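Visitor:
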Amino acid sequence: MLFRTADEYKALARADIKRGDKVYYKAGDTVDILPENTYYRVEYKHRETGETFTLYPRGQVNEEMGEGLLASPDIKKFLDHDIYSHISAVPPPDKEKDWSEVKEHVLSLGDTIYLNDYFAVFRGVEPAHQTAGLGLAKGDLAIQGDFLVYGEKKQYHVHPVFVVRNRMIGRVPDEVEDLGLRLTFLNVDPSNSKFTFGVSTTQKDYIILKAVEKPFINLLWSGTLLMLSASAWPCTSVAATWT
28 MLFRTADEYK ALARADIKRG DKVYYKAGDT VDILPENTYY RVEYKHRETG ETFTLYPRGQ
88 VNEEMGEGLL ASPDIKKFLD HDIYSHISAV PPPDKEKDWS EVKEHVLSLG DTIYLNDYFA
148 VFRGVEPAHQ TAGLGLAKGD LAIQGDFLVY GEKKQYHVHP VFVVRNRMIG RVPDEVEDLG
208 LRLTFLNVDP SNSKFTFGVS TTQKDYIILK AVEKPFINLL WSGTLLMLSA SAWPCTSVAA
268 TWT
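The sequence shown begins at 28 in the numbering used here and counts up by one.
What follows is the structure, given as C-alpha cells:
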C-alpha cells in the first residue's frame with residue numbers, strides 16, 4: 028500500500044488506506060512511518076481442530092540497544108494457558124538484497140507468467156499520476172502495470188511504473204517482500220499492444236520466532252491480585268486456638 032521515499036520516515040499511499048468505511052489516507056498522501064517498528068503477522072493453526080488465530084509480535088531494530096533488536100511479544104490467552112510469541116531475529120535492515128539477473132517477459136493483457144513457485148496475471152495498464160508521487164509536469168506521462176500475484180497463502184497487487192519525463196524514460200519497480208519478487212516495467216510497444224516487464228528474485232523475508240506456552244497463567248495472576256487486594260485491607264490481630 029506504500030511507496031518508499033528517500034526519507035525513511037515518509038512513504039506515499041499508493042491507494043486509499045482505510046479500515047471499514049473510515050479512510051485514514053488517500054492515494055498520493057504522504058504517510059509518516061516508523062521503520063524501526065515492524066509488526067509481524069503470525070498465524071497459528073491447531074493441527075487437529077483446524078482452529079486458527081493470529082498474533083502480531085513487534086520487532087524494533089535499534090543498533091544502540093545491545094544486539095540491536097528489541098522484541099515485544101504478543102499473547103493469545105486461553106482459560107488454562109497463554110501462548111507468548113516474540114521475535115528472536117530478523118534480517119539486517121541495512122543489508123543490500125542480492126537480486127537475480129532480470130528476466131524479461133513480453134506480455135499482452137490477460138497473460139500469465141510463472142515466477143518460481145508463484146504465478147502472476149497481467150490485468151492491464153492504468154495511469155499512475157496519483158499513486159507514484161512523481162510530481163509530474165504538463166506533458167509528462169506515467170503508467171503502471173496492474174499485476175495480481177498468487178502467493179502461497181494470499182494474493183498481492185503489484186504495480187511497476189513506467190515514466191516519460193522531459194523525453195527521458197524512468198522506471199519505478201514494485202516489490203513483493205513476502206515472496207522476494209521485484210517487477211519492473213521496461214518498455215511499451217503500442218503498435219502491437221505489447222508490454223515488456225522484467226522479473227528478478229531474492230531471498231524471501233524471514234524471521235526467527237520463539238513461541239512459549241505458559242500453563243495456568245490466569246491462576247497465577249488471580250493469586251497475585253488476591254494478595255494485593257488482601258494487603259490493601261486493614262488487619263486486626265486475632266488470637267485463635269486450634270483443636
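C-beta: ideal position from N, C-alpha, C; glycine also.
For clarity, every value in this text was computed on a predicted model and none was experimentally measured.
1) For Cys262, count neighbouring Cβ atoms within 10 angstroms of its own Cβ and tell me buried if that reaches 16, exposed if not.
2) Going by DSSP, which residues form a beta bridge with Lys103?
3) Which class does Ala266 belong to by DSSP, given the choice of helix, strand or coil?
4) At which residues does the beta strand (DSSP E) containing Arg68 begin and terminate?
5) If you run the structure through DSSP and keep just helix, strand and coil, what is Pro84?
6) Find out if the Cβ-Cβ distance for the pair Tyr52, Arg68 is shorter than 8 angstroms.
7) Please name the residue in Lys122, Arg209, Gly207 and Phe224 whose C-alpha comes closest to that of Val215.
8) Considering only the beta carbon of each residue, do Ala38 and Phe30 sit closer than 8 angstroms?
9) For Glu202, count the other beta carbons within 10 Å of its own beta carbon; 16 or more makes it buried, fewer makes it exposed. Which is it?
10) Is it true that the CB of Leu210 sits closer than 8 angstroms to the CB of Pro187?
11) When the Cα atoms are used, what is the spatial distance from Ala155 to Ser135?
12) In chain order, what are the residue ranges of uninterrupted beta strand (DSSP E) at least 3 long that sit wholly in the stretch 127-189?
13) Restricting to Cα atoms, I'd like to know which of Ile114, Asn193 and Leu213 is closest to Val199.
14) Which residue from Leu236, Glu240 and Asp232 puts its Cα closest to that of Pro118?
15) What does the alpha-carbon distance come out to for the pair Tyr141 and Ala147?
16) Opposite Ala38 in the DSSP bridges: which residues?
Guide: Taking the geometry as given:
1) Counting from 1 along the sequence shown, the entry for residue 262 is found at position 235. Confidence is the limiting factor: at Cys262 the pLDDT is only 49, short of 50, which leaves the residue's position unreliable, though a coordinate-based value still follows. Exposed: under 16 other Cβ atoms inside 10 Å.
2) Counting from one through the sequence shown, the residue named residue 103 turns up at place 76. DSSP output for Lys103 lists Ile110 as bridge partner(s).
3) Here residue 266 refers to the residue found at position 239 when the sequence shown is read from its first residue. In this prediction, Ala266 has a pLDDT of 43, which is less than 50 and means its spatial position is unreliable; what the coordinates show is noted afterwards. Residue state, collapsed to three classes: coil.
4) In the sequence shown, residue 68 corresponds to position 41, counting from 1. Unbroken run through Arg68: none, as it is neither H nor E.
5) As a working mapping, residue 84 is identified with position 57 in the sequence shown. Correct three-state label for Pro84: coil.
6) Looking up residue 52 in the sequence shown gives position 25. Looking up residue 68 in the sequence shown gives position 41. Not a contact, by the Cβ cut-off of 8 angstroms.
7) In the sequence shown, the residue the question calls residue 215 occupies position 188. With distances taken between Cα atoms, Val215 lies closest to Phe224.
8) As a first step, residue 38 must be located in the sequence shown, where it is residue number 11. As a first step, residue 30 must be located in the sequence shown, where it is residue number 3. For Ala38 and Phe30, yes; Cβs fall inside 8 angstroms.
9) Position 175 of the sequence shown, counting from 1, holds the residue named residue 202. Flag for Glu202 reads buried.
10) Here residue 187 refers to the residue found at position 160 when the sequence shown is read from its first residue. Here residue 210 refers to the residue found at position 183 when the sequence shown is read from its first residue. The answer is yes: Cβ separation under 8 angstroms.
11) One-based indexing of the sequence shown puts residue 155 at position 128. One-based indexing of the sequence shown puts residue 135 at position 108. Approximately 19 angstroms, taken between the alpha carbons.
12) 130-134, 139-142, 145-154, 168-177 and 182-185
13) What you label residue 199 is simply residue 172 of the sequence shown in a count that begins at 1. The option with the nearest alpha carbon to Val199 is Leu213.
14) On the sequence shown, residue 118 is found 91 positions in, with the first residue counted as 1. Put simply, of Leu236, Glu240 and Asp232 the residue whose alpha carbon is nearest the alpha carbon of Pro118 is Asp232.
15) Here residue 141 corresponds to residue number 114 of the sequence shown, with the count starting at 1. Here residue 147 corresponds to residue number 120 of the sequence shown, with the count starting at 1. The straight-line gap from Cα to Cα measures roughly 6 angstroms.
16) Counted from its first residue, the sequence shown places residue 38 at position 11. Bridge partners of Ala38: Arg31 and Val58.
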